[in-house]
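Using our numbering, the letters of the sequence shown map in sequence onto residues 131 to 484. Notes follow the structure.
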Amino acid sequence: MTADISGHIVVNALGVLDNPNAEAAGTLVQTSDRLTIDERTLADAHASGVTAINVTLGYTMGDFPPYQHTLREIETWDAIIRAHHEHLVRVDTAEDIAEAKRTGKIGIIYGFQNAAAVEDRPERVATFARLGVRVIQLTYNQANQVGDGSMAPGNRGLTPLGREVVAALNEQRVMVDLSHSGERTCLEAARASGQPVSINHTGCRALVDLPRNKTDEELRLVASRGGFVGIYFMPFLNASGHARASDVVEHIVHAVNVCGEDHVGIGTDGTITAIDDLDAYRDRLAEHVALRRQAGASAAGERSDTFPFVVDLRGVDQFRELARLLEERGYSSARIEKILGLNFYTYAKAVWGD
């Protein structure tokens, strides 16, 4: 039996709104115009109890002009929300999350997973903020103009331009997301930011020593400055690559022990609608992993024999099941409510305002 989370604000600090069983799914670069937001996608999202999702839009990787592609992606998401206005609402403030909960809609938070579209013009942050972007992750796995990603061999830290971008994000009250960043970039950006920062989807390197997971030093610094850490449902949570729901719980427990219960949440990095045919998906996975590696975008721990999600923590019951497992671990209802979304909501109020 799963837990009752009907009264909770549930925020997926990095997720996907898509039907992965549709024909468009499974491409190397899943652009917003290839998402399938159909009746099942929306019904599953409602059934899951999710209140808001930080969705990835804009340039992350691939052969696109970053700025122009990002503007088109924003337009695409604006059109998606207009087409499904009875189900979806754009989140601009923390109060919009609370309003989505009250009205039974699903809040859509516009977020980037790469600051490449800013290019060498920090003033573009104001343009993106005006268009509704509320989260900008500084780097993907590779290096860009603002800093090094987790797979960049130099670990060079935040660049001078990166410091200007962080200042611009602070000025526009846009979240500085340090997921995927290299260790030095993460630490330096957290110290440079005048506002709390986040690591919206990560694991704990003290448990599994992979670059996509964050060290205790990174986790502690982000939390000490009032920030937020979201634990993902990804293979990096187990050294074998075959992560289970129990691994998600262990990483949440470790993060709470390091950061405190007021600074930890979830950022699944996956869909709510489950893949129906895992055997067929497994056949496509090797090609997908090879293409990511060839493009220089993959992370250590991505393998063709491991799913990029937690098999026993997916589908419409994923948040209720996590709550049940945390209850079994001895977590109180109040602490579980914080982890499922209240901590992100509090962090959002600190950065975006009410």
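Built from N, CA and C at the ideal position, the CB exists for glycine as well.
By the 16-neighbour rule on beta-carbons within 10 angstroms, T233 is exposed. The beta-carbon separation of T186 and Q243, rounded to 5 Å, stays under the 8 Å limit for a contact. Per the coordinates, the alpha-carbon of A177 lies some 44 Å from the alpha-carbon of G284. Listed in chain order, the alpha helix (DSSP H) elements of length 4 or more contained wholly in the segment 247 to 325 are 254 to 260, 290 to 301, 313 to 322. In the DSSP assignment, N184 is bridged to I239. Counting along the chain, the unbroken beta strand (DSSP E) around F358 starts and ends at 358 to 361. Closest option to G390, judged by alpha-carbon separation, among P195, A478, N473: N473. Counting only the Cα atoms, W482 lies some 9 Å from E225. Excluding its 5 nearest sequence neighbours in each direction, G279 has C-beta neighbours in its own chain below 7 Å: T269, Y270, N271, Q272, A273, H310, S311, G312, listed in chain order. Counting C-beta pairs with one atom in each stretch, the segment 139 to 152 and the segment 350 to 370 have three or more that are closer than 8 Å, which means they touch.
Under DSSP, C389 forms no beta bridge with any residue. Ranking D339, L452, E347, A410 by CA distance to the CA of L367 puts D339 first.
It is roughly 29 Å from the alpha-carbon of S434 to the alpha-carbon of T315. Per DSSP, the beta-bridge partners of T401 are V146.
The straight-line gap separating the alpha-carbon atoms of T206 and L165 is approximately 10 Å.
E348 counts as buried, since at least 16 other C-beta atoms from the protein chains shown sit within 10 angstroms of its C-beta. Between the beta-carbon of M364 and that of F439 there is about 7 Å, and that keeps the pair under the 8 Å contact cut.
Distances from the CA of E380 to each of G333, R444, D399, A245 were compared; the closest alpha carbon is that of G333. Taking 8 Å as the cut-off, the Cβ atoms of I183 and Y240 do not count as close. Looking at the backbone, the Cα of R220 and that of L317 are separated by about 31 Å. D148 counts as buried, since at least 16 other C-beta atoms from the protein chains shown sit within 10 angstroms of its C-beta. Below 8 Å, too few C-beta pairs join the segment 322 to 329 and the segment 370 to 377 to call them touching: fewer than three. Collapsing the DSSP output to three states places N330 in a strand.
Annotation note: the segment 197 to 242 contains the following uninterrupted alpha helix (DSSP H) runs of length 4 or greater, listed N- to C-terminal: 224 to 233. Distance from the CA of A353 to the CA of R412, rounded to the nearest whole angstrom, comes to 37 Å. For D442, the CB contacts under 7 Å within the same chain, skipping 5 residues up- and downstream, are R374, A375 in chain order. Cβ atoms of D134 and V446 stay farther apart than 8 Å, at about 14 Å.
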